[in-house]
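J.: Provided herewith is a single structure, encoded as structure tokens, for subsequent inquiry.
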Amino acid sequence: GENVEQHPSTLSVQEGDSAVIKCTYSDSASNYFPWYKQELGKGPQLIIDIRSNVGEKKDQRIAVTLNKTAKHFSLHITETQPEDSAVYFCAASELTGGGNKLTFGTGTQLKVEL
Amino acid sequence: SQTIHQWPATLVQPVGSPLSLECTVEGTSNPNLYWYRQAAGRGLQLLFYSVGIGQISSEVPQNLSASRPQDRQFILSSKKLLLSDSGFYLCAWSVPRRSGNEQFFGPGTRLTVL
């Protein structure tokens with residue numbers, strides 16, 4: 056089955072700096088890669104995703120890049136703000152018409168310091 | 574718009590007691606439904622998923638079971654809770670016909686088994 060590794064487990068940045076979180080996956084059939092943000096005590100919220108036919112996707116201060124050959128993808132947050140502090144999870148999945156199963160990374164605790 | 578509800582929000586149960594957690598989705602039909610467990614400081618582990626009424630797939634052998642008595646209702650149960658069942662339980666849904674297959678999470682149930 057799929058295995059997703061995520062690094063780093065914790066990340067501290069100064070407000071205004073950029074943050075980068077990296078994930079690798081093992082199954083070459085995976086073709087859908089979402090990123091979730093989870094605030095304390097809440098359910099994860101989908102913030103951006105990318106499909107394998109695209110190398111990069113950007114949404115305001117958030118961007119995701121995908122390298123299918125190397126089987127890794129990354130989340131980039133620019134101009135970080137205190138409200139960006141949360142746990143971020145990457146995931147990988149093979150798109151099917153049936154039960155879509157996501158395999159998650161172990162999470163990155165991002166802390167944006169003033 | 575679609576919404577997903579989970580209850581209760583928090584639950585404290587003694588070892589050996591039964592469990593019933595409920596999840597309902599509004600605003601969509603025939604969703605795929607999922608139950609995840611998140612241990613403290615850990616990633617999300619898929620427990621069950623369902624592509625239709627009465628159709629349940631189990632991902633991990635355990636003390637829990639799931640049922641889908643109605644199209645938009647997903648229930649997680651146990652006859653006798655173990656200490657190891659403590660955790661944050663998350664329900665999620667996705668629409669299989671959409672190209673993205675994004676999964677959207679509910680607010681979660683915090684279960685503590687004493």
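Line by line, the protein sequences give chains V and X.
Using this note's numbering, the first residue of the first sequence is number 56, and each one after it goes up by one.
Using this note's numbering, the first residue of the second sequence is number 574, and each one after it goes up by one.
Cβ coordinates follow ideal geometry from the N, Cα and C atoms, glycine included.
If you're wondering where the values come from, they're calculated on a predicted model, not measured in any experiment.
Along the chain, where does the beta strand (DSSP E) containing PRO730(X) start, and where does it finish?
T.: Here chain X covers residues 574 to 687 and nothing more, so residue 730(X) does not appear.
J.: Any contact between the segment 590-598 of chain X and the segment 643-656 of chain X? By contact I mean 3 or more CB pairs, one from each, below 8 Å.
T.: The segment 590-598 of chain X is in contact with the segment 643-656 of chain X.
J.: Quick one: give me the first and last residue of the beta strand (DSSP E) that VAL588(X) is part of.
T.: Note, VAL588(X): premise wrong, no beta strand (DSSP E); not H, not E.
J.: Report the three-state DSSP secondary structure of LEU165(V) (helix, strand or coil).
T.: It is a strand residue.
J.: So which residues on chain V does CYS636(X) lean against when the C-beta distance must stay under 7 Å?
T.: In the sequence on display, residue 636(X) carries Asn and not Cys. Going along chain V, no residue has its Cβ under 7 Å from ASN636(X), so there is no contact; the nearest lies around 21 Å.
J.: Run through DSSP, which three-state label would ASP72(V) get?
T.: Reduced to three states, the DSSP call for ASP72(V) is coil.
J.: Pull up the distance between the alpha-carbon of TYR607(X) and that of SER630(X), whole angstroms please.
T.: Those two C-alpha atoms are separated by around 10 Å.
J.: In chain order, what residues of the same chain lie with their CB nearer than 7 Å to the CB of GLU70(V), ignoring the 5 residues before and after it?
T.: For GLU70(V), where only same-chain residues beyond five positions count, the Cβ hits under 7 Å are THR135, GLN136, PRO137, VAL167, GLU168, LEU169.
J.: Can you list, in chain order, the stretches of the alpha helix (DSSP H) that have 4 or more residues and sit fully within the segment 106-153 of chain V?
T.: List check, alpha helix (DSSP H) in window: nothing returned.
J.: Which first and last residues belong to the beta strand (DSSP E) in which ALA639(X) is found?
T.: Where ALA639(X) is concerned, the enclosing beta strand (DSSP E) stretches over 638-643.
J.: Can you check whether the C-beta of ASN674(X) is within less than 7 Å of a C-beta belonging to chain V?
T.: Yes, contact with chain V.
J.: Could you please tell me which residues of the segment 82-116 of chain V, in chain order, have their CB closer than 9 Å to any CB of chain X?
T.: Residues passing the 9 Å Cβ filter: TYR87, PRO89, TYR91, GLN93, GLY96, LYS97, GLY98, PRO99, GLN100, LEU101, ASP104, ARG106.
J.: Per DSSP, what kind of secondary structure is LEU66(V) in: helix, strand or coil?
T.: Reduced to three states, the DSSP call for LEU66(V) is strand.
J.: Alpha carbons only, please: which of LYS97(V), ALA84(V), ILE76(V), SER83(V) is nearest the one belonging to TRP90(V)?
T.: Closest option to TRP90(V), Cα to Cα, is ILE76(V).
J.: Against chain V, which members of the segment 604-624 of chain X pass a CB distance test of less than 7 Å?
T.: The segment 604-624 of chain X vs chain V, Cβ under 7 Å: ASN605, ARG615, GLY616, LEU617, LEU619, TYR622, VAL624.
J.: Going by DSSP, name the residue or residues bridged to ALA665(X).
T.: Answer by DSSP bridge pairing, in chain order: TYR607(X), PHE678(X).
J.: Buried or exposed: where does GLN61(V) fall if 16 or more other Cβ atoms within 10 Å of its Cβ makes it buried?
T.: Counting Cβ neighbours within 10 Å, GLN61(V) comes out buried, since at least 16 surround it.
J.: Which residues in the same chain have their Cβ closer than 7 Å to the Cβ of GLY660(X), if we skip the five residues on either side of it in sequence?
T.: So the list reads ARG610, GLN611, ALA612, LEU684, once near-sequence residues are dropped.
J.: Between which two residues does the beta strand (DSSP E) containing GLY625(X) stretch?
T.: 617-625 is the extent of the beta strand (DSSP E) around GLY625(X).
J.: Starting from PRO89(V), follow the beta strand (DSSP E) in both directions and report where the run begins and ends.
T.: Taken as a continuous stretch (DSSP letters only), the beta strand (DSSP E) holding PRO89(V) covers 87-93.
J.: The beta strand (DSSP E) with LEU575(X) in it runs from where to where?
T.: According to the sequence as given, residue 575(X) is Gln; it is not Leu. Run containing GLN575(X): none; DSSP gives neither H nor E here.
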